[in-house]
Amino acid sequence: MEFWPEFMASSWGREFVAGGLGGMAGVVSGYPLDTLRILIQQPHHHPVSAFHLLRRIVASEGPFVLYRGMAAPLASVTFQNAVVFQVYALLSRALDSGTRNNPPSYKSVALAGVGTCALQSMMLSPIELVKIHLQLQMKDHRHH
Numbered sequence: 001m002e003f004w005p006e007f008m009a010s011s012w013g014r015e016f017v018a019g020g021l022g023g024m025a026g027v028v029s030g031y032p033l034d035t036l037r038i039l040i041q042q043p044h045h046h047p048v049s050a051f052h053l054l055r056r057i058v059a060s061e062g063p064f065v066l067y068r069g070m071a072a073p074l075a076s077v078t079f080q081n082a083v084v085f086q087v088y089a090l091l092s093r094a095l096d097s098g099t100r101n102n103p104p105s106y107k108s109v110a111l112a113g114v115g116t117c118a119l120q121s122m123m124l125s126p127i128e129l130v131k132i133h134l135q136l137q138m139k140d141h142r143h144h
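What follows is the structure, given as structure tokens:
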């Protein structure tokens with residue numbers, strides 16, 4: 001029980017929680033649009049606008065169908081963003097030669113952003129590749 005107050009009092013804890021909450025907000029706000037995108041790209045759908053499809057889905061199945069399957073992305077993106085915030089904070093401090101009380105320099109912020117992006121790409125590219133292969137297998141499986 002004493003862990004959380006100490007964790008949240010540290011900058012590490014606040015950055016981790018802020019990253020996690022940011023990841024959650026991104027998934028919750030973007031997932032319905034991703035669901036619409038996937039439905040529009042299905043080959044058996046006639047070309048319709050996103051708004052028409054949204055109205056039809058919400059009228060027939062309700063608004064919560066747009067969030068179906070969101071649990072896995074919510075958990076993974078929440079953790080990923082929390083780690084990304086931590087790595088960025090660590091790199092921006094490590095690369096800055098100024099005092100700890102001053103904000104990091106533009107140079108250290110830029111380098112920390114590049115380093116964080118490179119690490120995130122190396123971690124996520126294999127995951128995205130597997131996800132795409134699975135999606136293509138599912139698509140091919142349905143059409144055979």
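Under UniProt numbering, read the sequence shown as residues 1 to 144, first letter to last. C-beta atoms are modelled at their ideal positions from N, C-alpha and C, and glycine is treated no differently.
Pick from the options that is closest to residue i, judged by C-alpha positions
i: Phe16; options: Leu91, Val27 and Phe79; result: Phe79
i: Tyr88; options: Phe7, Trp4, Glu6 and Trp12; result: Trp12
i: Asp96; options: Ala112, Ser29, Gln86 and Val83; result: Ala112
i: Gly115; options: Val130, Met8, Asn102 and Gln86; result: Gln86
i: Arg68; options: Thr35, Glu6, Ile40 and His46; result: Thr35
i: Phe64; options: Cys117, Val77, Glu2 and Pro32; result: Pro32
i: Gly19; options: Ser60, Ala72 and Val84; result: Val84
i: Asn81; options: Tyr106, Arg14 and Arg56; result: Arg14
i: Ile127; options: Ala72, Ile40, Gln41 and Pro104; result: Ala72
i: Leu119; options: Phe3, His46 and Leu90; result: Leu90
i: Gly30; options: Leu66, Leu124 and Leu129; result: Leu66
Run of the alpha helix (DSSP H) containing residue i, from where it starts to where it stops
i: Pro5; result: Phe3 to Ala9
i: Gln80; result: Ala71 to Ala94
i: Leu66; result: Leu66 -> no alpha helix (DSSP H), and no H or E assigned at all.
i: Val58; result: Ala50 to Glu61
Contacting residues, own chain, Cβ-Cβ under 7 Å from residue i (five flanking each side not counted)
i: Val109; result: Ser92
i: Leu74; result: Met24 and Val27
Cβ-based neighbour list, residue i, same chain, cut-off 8 Å, excluding 5 preceding and 5 following
i: Val77; result: Gly23, Met24, Gly26 and Val27
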